Amino acid sequence: MGELVLSNRASTAAHTESSDEVTQYLIFTVSDERLAMSIDAVKEIIETPAITRVPMTPDYIRGVINLRGNVVPVIDLGARLGRGPITPTKRSCIVLVEVHAGDESHVLGMLVDEVKDILEIAREDIKPPPEFGSEIRTDFIEAMGRVEDIFVIILSVDHVLSMQELAALRRFSQETPAGGTDGES
1 MGELVLSNRA
11 STAAHTESSD
21 EVTQYLIFTV
31 SDERLAMSID
41 AVKEIIETPA
51 ITRVPMTPDY
61 IRGVINLRGN
71 VVPVIDLGAR
81 LGRGPITPTK
91 RSCIVLVEVH
101 AGDESHVLGM
111 LVDEVKDILE
121 IAREDIKPPP
131 EFGSEIRTDF
141 IEAMGRVEDI
151 FVIILSVDHV
161 LSMQELAALR
171 RFSQETPAGG
181 TDGES
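Numbering-wise, full-length UniProt numbering puts 14 at position 14 of the sequence shown, and it's gapless, one number per residue.
Take a look at the structure:
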C-alpha cells in the first residue's frame, strides 16, 4: 500500500508554521463538499487499500485495514455525515487520525473522496458554525473557515468519532485479526 505525497507534506507543514494567527488545515472532499480538519489531527494519508468488512457494525464503519501489521478501523466519512457511502475511486484515500479517549489514543482511518490540499487559514477567517443551513449535524462542525471566496466546514474530529463509538471500534479491532482481507479494494 503506497503512501500519498501529502503524507510527507502534512508532516512537514505541521512543524513549519508556529504563528498563533494562522492554523493549517487539511482540505478534502466528501460528496463534492469541501471539508477541513486541523492538520494536527492528521497522522498520515494513505491510498485506499483492501478493507475487511466487520459484521454487525454500523453502516458508517467501513471495516478495518491492515496498516503495517496493525488493525485500523475505517470510518466512511460520507456515510457518517449522512451523505451516503463513498464509492472509492483512484482519488479516494484514507486519512489516518489519532483520537484520544481518556488516557488512551487510537488511530482511525476516515475514508474521503479526495484530499485537495493543506491550507493555512487565518484566525480572523474562522467563524462559528451556523445554527442552520448545513446538512451536517451541528455538533460535527467545529467552525467555518474562509478560503479565498468560499467557506469550508471545519470538522470536529472528536465529535465525528464519539467516545461510545471509540469503545465499539476498540472492541472489534481487538477481535479482528490483522492478517487477510475479504473485502474491497
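All C-beta atoms in this analysis are idealised placements derived from N, C-alpha and C, irrespective of residue type, glycine included.
Since this is a predicted model, take the numbers as computed values, not measurements.
Give me the Cα-Cα distance between residue 2 and residue 36, rounded to the nearest whole angstrom. Its pLDDT being 43, under 50, residue 2 is placed unreliably in this model, and the coordinates cannot settle the point.
Beta carbon of residue 62 nearer than 8 Å to that of residue 51: yes
Proximity winner among 155, 34, 110, 147, relative to residue 22 (alpha-carbon distances): 147
In the DSSP output, what is residue 144 paired with across the bridge? 127, 153
Cβ-Cβ separation, residue 145 to residue 125 (assumed contact under 8 Å), whole Å: 6 Å
Please specify which runs of the beta strand (DSSP E), each continuous and at least 3 residues long, are wholly inside the stretch 69 to 134, giving them in chain order. 70 to 76, 93 to 101, 104 to 112, 114 to 122
Would residue 75 and residue 30 be called neighbours here (beta carbons separated by less than 8 Å)? Cβ atoms of residue 75 and residue 30: not closer than 8 Å.
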